[in-house]
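Asker: Provided herewith is a single structure, encoded as structure tokens, for subsequent inquiry.
There are 2 protein chains.
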Amino acid sequence: MSTKITKPSILPGFMELTPREQVAFNNVYDVIRRNYESFGFLPIDTPIIEKSEVLLAKTGGDTEKQIYTLTKGSTEMALRFDLTVPLARYVAQHMEEIAFPFKRYQIGKVYRGERNQRGRFREFYQCDVDVIGNGALSIVNDAQIPSTIYKIFKELGFDNFKIRINNRKILDGFLRSLNIDNYIEVLRVVDKIEKIGEAKVREELEEYIITSEGIDEVIKFITIEGSNEEKIQFLKNSSVTNERFLEGVEELETVNKYIKAFGIPDKNYVIDFKITRGLDYYTGTVYETFLDDYPEFGSVCSGGRYDDLAQFYTDKKLPGVGISIGLTRLFWSFMESNIIDLDSNSLIDVLVIPMDEDFDYGIEVCNQLRQSEIKVDIYLEGGKFAKKMKYANKLAIPYVIIIGEDEKTSNKILLKNMENGEQQLVSTKECISILNSR
Amino acid sequence: MSTKITKPSILPGFMELTPREQVAFNNVYDVIRRNYESFGFLPIDTPIIEKSEVLLAKTGGDTEKQIYTLTKGSTEMALRFDLTVPLARYVAQHMEEIAFPFKRYQIGKVYRGERNQRGRFREFYQCDVDVIGNGALSIVNDAQIPSTIYKIFKELGFDNFKIRINNRKILDGFLRSLNIDNYIEVLRVVDKIEKIGEAKVREELEEYIITSEGIDEVIKFITIEGSNEEKIQFLKNSSVTNERFLEGVEELETVNKYIKAFGIPDKNYVIDFKITRGLDYYTGTVYETFLDDYPEFGSVCSGGRYDDLAQFYTDKKLPGVGISIGLTRLFWSFMESNIIDLDSNSLIDVLVIPMDEDFDYGIEVCNQLRQSEIKVDIYLEGGKFAKKMKYANKLAIPYVIIIGEDEKTSNKILLKNMENGEQQLVSTKECISILNSR
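First to last, the protein sequences are chains A and B.
Numbered per this note's numbering, the first sequence spans residues 1219 to 1656.
Numbered per this note's numbering, the second sequence spans residues 1219 to 1656.
Here you go:
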């Protein structure tokens, strides 16, 4: 009976890595998770499938078109398209059990049926941290969140990156002081200045701001230069007096003060009035993060403060502040720029290679190494020696232990460094101390 | 403008944990992952959505009815219902890049629209390890897989558990020697003996075995008592001579020998001819694992050897052996039996509680503790002292550091043990050494 062969392939827009790449991916994942946890964020893991009426409680916009829906019986379901909507639902649902301020992180896959294009994925990991207050939430949280991000990118090996910070209230208030009504639209245009350039922004602003003096003032405001302290001083010297503006300035000043206290060096954050985050979701502090040497990645980590997380699920006022790393996209960018080192990420330290098919001595060596916390595997297949060595090479395993008749008789092992080819006949105990002293 | 409130809830059959439960869940997850990796299994992470034609290449049975399908444009897609089919597709698709034997693990969510009942989930984690050979695969792998499982359940805190092992070829061969043709059906019946009892099995066997002597022989065979060595001796003394039987006996003998070599104590594994794994998928060694003190959990970890992993995707012969832990179900069972300790799983060691809203000194203490690898959080909200302490209590944080005016002036901190209520005024340095010496 011959079996019909189906061509093995995956859907376009889905990322699938080789095992070696996956090890590197998991390393990044672990750095993010470990840092989130070390700042006291608690994990949650919501279902990937939820009721459509819940996921789509806030409808509208492009998102809805991108949503994967499914039906079973009379139940309409959808795959989550972010981790914020499930968080809102989770908090509203479990209000009574949650200790506020609720610091949670979630790392998980989300789904968007976007147009298929390079570097865009339909299934991707988001890594979110948020702090949610019940009724109120201290502005100092807005300073702690960036310090989590700082630690993560430092640990990932980056020195040169900038967390850009702004406060939506400042630009809102400033625009209102100019009697510009469509300030949401103006913010959207302003946000694009780095992408499309000043000239194009001026052109687009003409739709919302009548006088060229008005446009000049906006451009001057958002492109102001200087140190973070000078920028804050500039705001404090401003003649703008509306409440929203003053509130924003005070918040930004507090955030700036405590960001320093949390230990972020000056070179790694900058107040930038151009950052507005296009979404009307954010109401105060906003963040974007750029790697200085890889501007083409765009913002690798964005977020901000919102007044009300869960208005579609509860009457309770739940202000919060959060930030999100798009891990799949970030890792893809790392690979595109050859930042990921695939040659030194073997999960195991050493491979035991028995020359023949009597495995007792080899397994004994394995057991002893495992007891000393050395990560070891044993090659259990037959075949030529060269084939076995090729396997170790292909997996980039740093050491092999070769066990032949001589080794068994002398109760020794031949330890070979795969990088420089050096080998030495040693006891298992000596081998353990060599591997542990690397 | 008032917002329409949607009732926050999730679909039935989906598990969602509290953050504290999630911490405990992640601990189990981490134990499994760490042990899989320490045995040299490499991670893969396949998409949750795949092409229907690929996922359903091997059709039929109840599984298909349970599958979640979705459509976008003309593409028919489905959610994966296990991790074995994706593995088969992955190996067939990436044959050229994979180093064989391919040792992979995958931990991920799978989906089955099962009938809604207690302890059954529609979204659940599977944790799979498999070794796949290209053309052939050493039988010694069948002995290493259980040692991974042994390490995992030991680390999860269990001493009394048994990995039950059998080899399908033995019972196949034995039944053929009795001229029983429908041996697949007989295996299915035999597999149920612990659930339904001997009398019921005898009754069901009557359909396939004509003589009561035949039934006696089968029952006698599958219920043979004795040590593992006695059981193997019993097989070797048997008068059955067909090749399949002899092959099975030789394999089981080798597996038994190397299981000992890999360090599994006698009390934690047992040869059991009743274990057949109902699926026709398995062709050699089969495993089930039972916790002695919790027989009601059923098998917590099952698997076996198969001749041909990916026959629906490639002509290449890919034998393998693997085992799977149903993590969601297992964790649910742990919770039902109160095995999980939720009172001592705080992610952070200590919470800094500033008495007023000047956070500088508190943040400085935080930074110093973090540099010494102590997991610390700082309470940034206003409010009464009692409210702050209640927060620490609710999260089961073992220590708090209280910072008031006196502490700031004297450059000290008040460290309070939340378990016994003891508190002491110490320097940050002393605090670090106290917390590190716990």
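We put the beta carbon where it would ideally sit given N, CA and C, even for glycine.
So, does the CB of Met1219 (chain B) fall closer than 8 Å to a CB anywhere in chain A?
Answerer: Sequence index remark: in the second sequence, residue 1219 (chain B) carries index 1 (1-based). Unreliable positioning characterises Met1219 (chain B) in this predicted model, as indicated by a pLDDT of 49, which lies under 50. A coordinate reading is not provided.
Asker: Expressed to the nearest angstrom, what Euclidean distance is found between the alpha-carbon atoms of Ile1367 (chain B) and Asp1567 (chain A)?
Answerer: Position 149 of the second sequence, counted from the first residue, corresponds to residue 1367 (chain B). Position 349 of the first sequence, counted from the first residue, corresponds to residue 1567 (chain A). The alpha-carbon atoms of Ile1367 (chain B) and Asp1567 (chain A) are separated by roughly 21 Å.
Asker: Alpha carbon to alpha carbon, how far is Arg1382 (chain B) from Thr1441 (chain B)?
Answerer: On the second sequence, residue 1382 (chain B) is found 164 positions in, with the first residue counted as 1. On the second sequence, residue 1441 (chain B) is found 223 positions in, with the first residue counted as 1. Whole-angstrom Cα-Cα distance: 13 Å.
Asker: Are any of the Cβ atoms in chain B nearer than 8 Å to that of Met1295 (chain A)?
Answerer: In the first sequence, residue 1295 (chain A) corresponds to position 77, counting from 1. Put simply, the CB of Met1295 (chain A) is near chain B, with a gap under 8 Å to one of its CB atoms.
Asker: Using 10 angstroms around the beta-carbon of Tyr1499 (chain A), count the other beta-carbons present and answer buried if the total reaches 16, otherwise exposed.
Answerer: The sequence position of residue 1499 (chain A) within the first sequence is 281, counting from 1. Looking at its Cβ environment, which holds fewer than 16 other Cβ atoms inside 10 Å, Tyr1499 (chain A) is exposed.
Asker: At least one CB of chain A closer than 8 Å to the CB of Gly1622 (chain B): is that the case?
Answerer: The residue given as residue 1622 (chain B) occupies position 404 in the second sequence. With 8 Å as the cut-off, Gly1622 (chain B) does not count as an interface residue toward chain A.
Asker: What did DSSP end up calling Gln1642 (chain A) once you bin it into helix, strand or coil?
Answerer: In the first sequence, residue 1642 (chain A) corresponds to position 424, counting from 1. Of the three classes helix, strand and coil, the one that applies to Gln1642 (chain A) here is strand, per DSSP.
Asker: Given His1312 (chain A), which residues of its chain have a CB within under 7 Å of its CB, disregarding the five upstream and five downstream residues?
Answerer: Mapped onto the first sequence, residue 1312 (chain A) falls at position 94. Within the same chain, His1312 (chain A) has no close Cβ partners at all.
Asker: Who are the near neighbours of Lys1612 (chain B) in its chain, counting only those whose CB is closer than 7 Å to its CB and skipping five residues on each side?
Answerer: As a working note, residue 1612 (chain B) is residue 394 in the second sequence. For Lys1612 (chain B), where only same-chain residues beyond five positions count, there are no Cβ hits under 7 Å.
Asker: What is the DSSP secondary structure of Thr1503 (chain B), counted as helix, strand or coil?
Answerer: Here residue 1503 (chain B) refers to the residue found at position 285 of the second sequence. Three-state DSSP puts Thr1503 (chain B) in a strand.
Asker: Going along the chain, which residues of its own chain have a beta-carbon closer than 7 Å to the beta-carbon of Met1219 (chain B), five neighbours each way excluded?
Answerer: Residue 1219 (chain B) sits at position 1 when you count from the first residue of the second sequence. Since pLDDT at Met1219 (chain B) reaches only 49, below the 50 mark, its modelled position is unreliable, and the value read off the structure follows with that caveat. Around Met1219 (chain B): no qualifying Cβ.
Asker: Could one say the Cβ of Gln1586 (chain A) lies closer than 8 Å to chain B's Cβ atoms, at least one of them?
Answerer: As a working note, residue 1586 (chain A) is residue 368 in the first sequence. Output row for Gln1586 (chain A): interface = no.
Asker: Can you name the residues of chain B whose CB is closer than 7 Å to the CB of Asn1244 (chain A)?
Answerer: One-based indexing of the first sequence puts residue 1244 (chain A) at position 26. Pro1261, listed in chain order.
Asker: Starting from Phe1320 (chain A), follow its DSSP beta bridges and name the residues at the other end.
Answerer: Locating residue 1320 (chain A) in the first sequence gives position 102, where the first residue counts as 1. Partner(s): A:Ile1350.
Asker: Give the DSSP-derived three-state secondary structure of Met1636 (chain A) in the structure shown.
Answerer: Here residue 1636 (chain A) refers to the residue found at position 418 when the first sequence is read from its first residue. Looking at Met1636 (chain A) - three-state DSSP - the assignment turns out to be coil, as it is neither helix nor strand.
Asker: Can you give, in chain order, each stretch of the alpha helix (DSSP H) that sits fully within the region 1504-1558 of chain A and has at least 4 residues?
Answerer: Under the rule that a run must span 4 or more residues, the alpha helix (DSSP H) segments found entirely inside the region 1504-1558 of chain A read 1545-1554.
Asker: Starting from Arg1382 (chain B), follow the beta strand (DSSP E) in both directions and report where the run begins and ends.
Answerer: Translated into the one-based positions of the second sequence, residue 1382 (chain B) becomes position 164. Run containing Arg1382 (chain B): 1379-1385, per the beta strand (DSSP E) assignment.
Asker: Return helix, strand or coil for Lys1485 (chain A), following the three-state DSSP convention.
Answerer: As a working note, residue 1485 (chain A) is residue 267 in the first sequence. It is helical.
Asker: Counting only runs of 4+ residues fully inside the region 1556-1638 of chain A, write out the alpha helix (DSSP H) ranges in chain order.
Answerer: 1578-1589, 1603-1612, 1623-1628
Asker: Enumerate in chain order the residues of its own chain whose CB-to-CB distance from Asp1409 (chain B) is below 8 Å, with the five nearest sequence positions on each side excluded.
Answerer: On the second sequence, residue 1409 (chain B) is found 191 positions in, with the first residue counted as 1. So the list reads Lys1492, Ile1493, Thr1494, Arg1495, Gly1496, once near-sequence residues are dropped.
Asker: What separation, rounded to the nearest whole angstrom, lies between the Cα atoms of Thr1236 (chain B) and Glu1315 (chain A)?
Answerer: On the second sequence, residue 1236 (chain B) is found 18 positions in, with the first residue counted as 1. On the first sequence, residue 1315 (chain A) is found 97 positions in, with the first residue counted as 1. Each residue's alpha carbon lies about 8 Å from the other.
Asker: Examine chain B for any beta-carbon lying closer than 8 Å to the beta-carbon of Lys1327 (chain A), and answer yes or no.
Answerer: Residue mapping note: residue 1327 (chain A) aligns to position 109 of the first sequence, counting from 1. So, interface residue.
Asker: Could you spell out the range, first to last residue, of the alpha helix (DSSP H) harbouring Ala1296 (chain B)?
Answerer: As a working mapping, residue 1296 (chain B) is identified with position 78 in the second sequence. Run containing Ala1296 (chain B): none in the alpha helix (DSSP H); it sits in the beta strand (DSSP E), 1293-1297.
Asker: Skipping 5 residues on each side, what residues in its chain have a beta carbon closer than 8 Å to that of Phe1452 (chain A)?
Answerer: As a first step, residue 1452 (chain A) must be located in the first sequence, where it is residue number 234. Closer than 8 Å at the Cβ level, and outside the excluded window around Phe1452 (chain A), lie Ile1442, Gly1444.
Asker: For the alpha helix (DSSP H) that Ile1363 (chain B) lies in, which residues bound it at each end?
Answerer: As a working note, residue 1363 (chain B) is residue 145 in the second sequence. Element bounds for Ile1363 (chain B): 1359-1373.
Asker: Would you call the region 1557-1575 of chain A in contact with the region 1380-1397 of chain A, where contact means no fewer than 3 C-beta pairs closer than 8 Å?
Answerer: no
Asker: Between Phe1379 (chain A) and the rest of its own chain, which residues show a CB-CB distance below 7 Å, the 5 nearest in sequence each way excluded?
Answerer: Position 161 of the first sequence, counted from the start, is the residue given in the question as residue 1379 (chain A). Phe1371, Asn1486, Thr1507, Phe1508, Leu1509, Asp1510.
Asker: In chain order, what residues of the region 1453-1476 of chain B put their CB closer than 7 Å to some CB of chain A?
Answerer: Per Cβ criterion, the list reads Tyr1476.
Asker: Would you mind working out which of A:Gly1353, A:Ala1604, A:Thr1627 sits nearest Asp1578 (chain A), comparing C-alpha positions?
Answerer: By 1-based counting over the first sequence, the position of residue 1578 (chain A) is 360. The candidate whose alpha carbon is nearest that of Asp1578 (chain A) is A:Thr1627.
Asker: By Cβ distance below 7 Å, which residues in the same chain neighbour Ile1558 (chain A) in space, the five residues on each side in sequence not counted?
Answerer: Counting from 1 along the first sequence, the entry for residue 1558 (chain A) is found at position 340. Correct list, in chain order: Ala1242, Phe1552.
Asker: Which whole-angstrom value is the C-beta distance of Ile1592 (chain B) and Ile1650 (chain B), which I expect to be below 8 Å?
Answerer: Locating residue 1592 (chain B) in the second sequence gives position 374, where the first residue counts as 1. Locating residue 1650 (chain B) in the second sequence gives position 432, where the first residue counts as 1. Ile1592 (chain B) to Ile1650 (chain B), Cβ: 6 Å. Contact.
Asker: Whose C-beta lies closer than 6 Å to the C-beta of Ser1227 (chain A) among residues of the same chain, with five residues either side of it excluded?
Answerer: As a first step, residue 1227 (chain A) must be located in the first sequence, where it is residue number 9. Result list for Ser1227 (chain A): empty, nothing under 6 Å.
Asker: When DSSP labels each residue in this structure, what does Phe1339 (chain A) get in the three-state scheme?
Answerer: As a working note, residue 1339 (chain A) is residue 121 in the first sequence. Coil at Phe1339 (chain A), not helix or strand.
Asker: What separation, rounded to the nearest whole angstrom, lies between the Cα atoms of Leu1233 (chain A) and Gly1622 (chain A)?
Answerer: Within the first sequence, the letter at position 15 stands for residue 1233 (chain A). Within the first sequence, the letter at position 404 stands for residue 1622 (chain A). First, the residue type needs correcting, since residue 1233 (chain A) is Met and not Leu in the sequence shown. Distance between the alpha carbons of Met1233 (chain A) and Gly1622 (chain A) is about 43 Å.
Asker: Is the beta carbon of Asp1360 (chain B) closer than 8 Å to that of Arg1462 (chain B)?
Answerer: Taking the first residue of the second sequence as position 1, residue 1462 (chain B) is located at position 244. Taking the first residue of the second sequence as position 1, residue 1360 (chain B) is located at position 142. No, Cβ-Cβ distance for Arg1462 (chain B) and Asp1360 (chain B) is not below 8 Å.
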